[in-house]
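Under the numbering used here, the first residue of the sequence shown carries the number 2, and numbering increases by one thereafter. Report on the following structure.
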Amino acid sequence: MDPYDRYELMVNGTVVQTPIVLAAMAGVVDAEYALARREDAGMVCIGGYSIDETTMAASRLLVEAGRDEFLPDDPTAEIRAQSEMLSESGLVVAVNMRGSAPESFAAVARAVGPGIVYEIDAHCRQEPMIAAGCGEALLHDTDKLERVVRALKAEHVTVSVKMRAGVAEDDQILARALWQAGADIIHIDLMDFGHTKLRQIRNACPLILIANNSITSFTVVKDMLAHGADMVSLARHADPATLASLNEKLAAYADETGWYNAPKQLCRGGDIRSLTFCCMPVKNCPLIPALENLDISRNEFISVKLNGVKNTLLEGGENTCFGSLAWCCKSSTPCMFRNMALKEVGLSLPDYMRYKRRLSEKLMKRVFEGDAFYAAE
Ligand SMILES: Cc1cc2nc3c(=O)[nH]c(=O)nc-3n(C[C@H](O)[C@H](O)[C@H](O)COP(=O)(O)O)c2cc1C
Ligand code: SF4
Ligand code: SF4
């Protein structure tokens with residue numbers, strides 16, 4: 002199947018071949034590393050590169066302490082050269098950067114241009130980097146982090162923020178602030194928080210989310226995708242055998258289900274995208290507090306759902322519980338009535354899920370137009 006039809010995912014104007022990202026490792030992840038893995042990855046974050054005098058000095062201290070670092074004389078020229086080596090690779094290319102001031106980031110983007118994604122390293126917790134005012138320091142100085150995002154966006158480039166969960170005061174508030182500042186992607190190291198933290202961030206902003214940390218098996222990948230991840234990333238375990246196995250299983254799963262990162266249903270712990278599978282708001286269930294949280298009335302919810310399926314194959318389904326496939330459950334929930342309705346209109350279960358994805362996008366548009374957000378766990 003064509004990768005766009007399979008995942009319907011684009012980043013920085015490029016179709017993502019597979020939602021597997023090679024996460025940055027300083028001194029390790031460069032063009033050569035990425036080219037050796039390109040068959041089973043969709044995106045690479047090369048670097049991290051220290052991009053100004055202050056952070057290059059911090060890198061030198063790390064090298065003295067025995068860590069691997071990229072330390073080219075001219076980081077901008079090196080970033081340009083490495084990304085040019087990847088220009089025909091089919092990978093979405095991002096560069097992970099440590100800088101001490103917003104202008105340092107903007108200067109690289111100005112020089113290298115919009116062909117790559119600019120990833121702000123707000124993740125590194127090595128003392129010299131924190132002292133240089135970058136890495137994790139940015140999660141304690143979120144005003145500065147927002148200024149870095151804004152400085153990059155002023156250069157008209159796609160921006161990712163690499164962060165660690167549980168460091169900032171409130172990850173949901175931070176996610177919303179990054180979205181308001183113009184960020185396009187949040188690349189989140191979930192540490193030990195797992196999918197609970199991921200779902201919180203999914204519920205707080207409509208950005209592309211890359212889930213990271215200990216993604217070692219397809220079971221973990223599926224868990225991340227079902228709780229809000231658009232992509233998953235690997236650093237320590239990005240060996241060719243693991244990548245090949247994940248890529249193969251992901252493709253089969255996407256083709257079989259029709260929506261590779263479909264959420265769980267809301268009452269089974271799904272994120273807010275799962276409103277697409279919700280029933281009419283007529284019973285006492287988690288939908289009611291969710292709508293209250295979002296400041297969406299029951300009547301408005303009904304009209305957004307019904308308008309969302311108008312003139313589509315989901316409009317019908319008079320013998321289903323609520324008279325329209327708009328209200329029907331996820332394909333993994335067996336149901337004779339839904340399946341009969343689908344048969345009548347000639348829709349396969351994977352195609353049904355593709356339509357549900359469209360409906361979810363319309364619902365999310367409404368959710369994120371409002372000021373309220375789903376703050377529940
Ligand atoms: C040796 C090494 C170097 C790393 N360097 C960077 C870096 O420069 N920038 C960054 O954002 N993350 C860096 N990371 C963090 C990884 O990208 C990733 O977030 C972390 O290892 C957890 O993911 P994993 O379980 O897939 O390894 C580094 C990790 C390792 C092990
Ligand atoms: S409306 Fe239906 S699917 Fe949604 S939470 Fe309630 S019971 Fe679950
Ligand atoms: S008809 Fe089946 S799929 Fe549709 S809402 Fe009822 S139980 Fe769910």
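We treat Cβ as the ideally placed atom computed from N, Cα and C, and that holds for glycine.
Residue i CB to nearest heavy atom of ligand 3 below 7 Å
i, result
"Arg339", "yes"
"Cys135", "no"
"Cys125", "no"
"Thr217", "no"
"Thr334", "yes"
Residue i and residue j closer than 8 Å at C-beta
i, j, result
"Ile47", "Val94", "yes"
"Val162", "Ile21", "no"
"Asp185", "Leu208", "yes"
"Thr326", "Gly317", "Going by the sequence as given, residue 326 is Leu instead of Thr. Against a cut-off of 8 Å, the Cβ pair of Gly317 and Leu326 comes out as a contact."
"Pro129", "Leu23", "no"
"Val283", "Leu251", "no"
"Ala253", "Met26", "no"
"Ser84", "Gly49", "no"
"Thr19", "Asn248", "yes"
"Gly183", "Val160", "yes"
"Leu244", "Asp31", "no"
"Val150", "Leu175", "no"
"Thr77", "Val118", "no"
"Trp260", "Arg358", "yes"
"Asp272", "Arg367", "no"
"Leu295", "Gly371", "yes"
"Ser332", "Thr258", "yes"
"Glu65", "Arg111", "no"
"Leu315", "Tyr375", "no"
Rounded separation between residue i and residue j - CA only
i, j, result
"Met354", "Glu79", "44 Å"
"Asp193", "Ile52", "30 Å"
"Glu350", "Asp256", "Note that residue 350 is Leu in the sequence shown, not Glu. Approximately 11 Å between the Cα atoms of the pair."
"Asp122", "Asn97", "6 Å"
"Glu147", "Phe369", "19 Å"
"Ala342", "His141", "53 Å"
"Asn1", "Ala230", "Not covered by the structure: residue 1. The range shown for the chain is 2 to 378."
"Ser275", "Tyr5", "22 Å"
"Ala239", "Gly91", "18 Å"
"Cys336", "Ile297", "29 Å"
"Ser361", "Thr277", "5 Å"
"His196", "His228", "6 Å"
"Cys286", "Ala108", "51 Å"
"Leu292", "Met365", "13 Å"
"Ser88", "Leu153", "21 Å"
"Cys322", "Asn204", "27 Å"
"Ser246", "Thr217", "10 Å"
"Met164", "Ile202", "12 Å"
"Ser105", "Arg81", "15 Å"
"Glu33", "Ser60", "21 Å"
"Ala102", "Ala169", "19 Å"
"Cys1", "Trp328", "As shown, the chain starts at 2 and ends at 378. That puts residue 1 outside it, with no answer to give."
"Met86", "Val29", "16 Å"
"Arg269", "Thr334", "12 Å"
"Phe71", "Cys330", "50 Å"
"Gln181", "Cys206", "9 Å"
"Asp172", "Cys125", "17 Å"
"Asn312", "Lys363", "14 Å"
Any non-hydrogen atom of ligand 2 within 7 Å of residue i CB
i, result
"Gln181", "no"
"Phe278", "yes"
"Cys329", "no"
"Leu267", "yes"
"Leu288", "yes"
Counterpart residues of residue i in DSSP-defined beta bridges
i, result
"Ala212", "Ile189, Val233"
is_contact[residue i, chain C] using C-beta, thresh 8 Å
i, result
"Glu170", "The structure shown contains no chain C; it holds only a single protein chain."
heavy atom of ligand 1 below 7 Å from residue i C-beta
i, result
"Lys198", "no"
"Cys322", "no"
"Ala110", "no"
"Arg10", "The amino acid at residue 10 is misidentified as Arg; the sequence shows Leu. Every heavy atom of ligand 1 is 7 Å or more from the Cβ of Leu10, so no."
"Asn248", "no"
"Leu235", "yes"
"Val29", "yes"
"Lys163", "yes"
"Asn294", "no"
"Met26", "yes"
"Gly167", "no"
Residue i CB to nearest heavy atom of ligand 4 below 7 Å
i, result
"His228", "Ligand 4 is absent from the structure shown, which contains only ligand 1, ligand 2 and ligand 3."
May I have a chain-ordered list of the beta strand (DSSP E) segments no shorter than 3 residues that lie completely inside the region 80–165? At a cut-off of 3 residues, the continuous stretches assigned as beta strand (DSSP E) that sit fully inside the region 80–165 are 93–99, 118–123, 160–165.
In chain order, what are the residue ranges of uninterrupted alpha helix (DSSP H) at least 4 long that sit wholly in the region 314–352? 337–346
Please list the segments of the beta strand (DSSP E) lying wholly inside the region 12–71, counting only runs of 3 or more residues, in order along the chain. Whole beta strand (DSSP E) segments, 3+ residues: 21–23, 44–51.
What runs of the beta strand (DSSP E), each 3 residues or longer, lie entirely inside the region 216–272? 232–235
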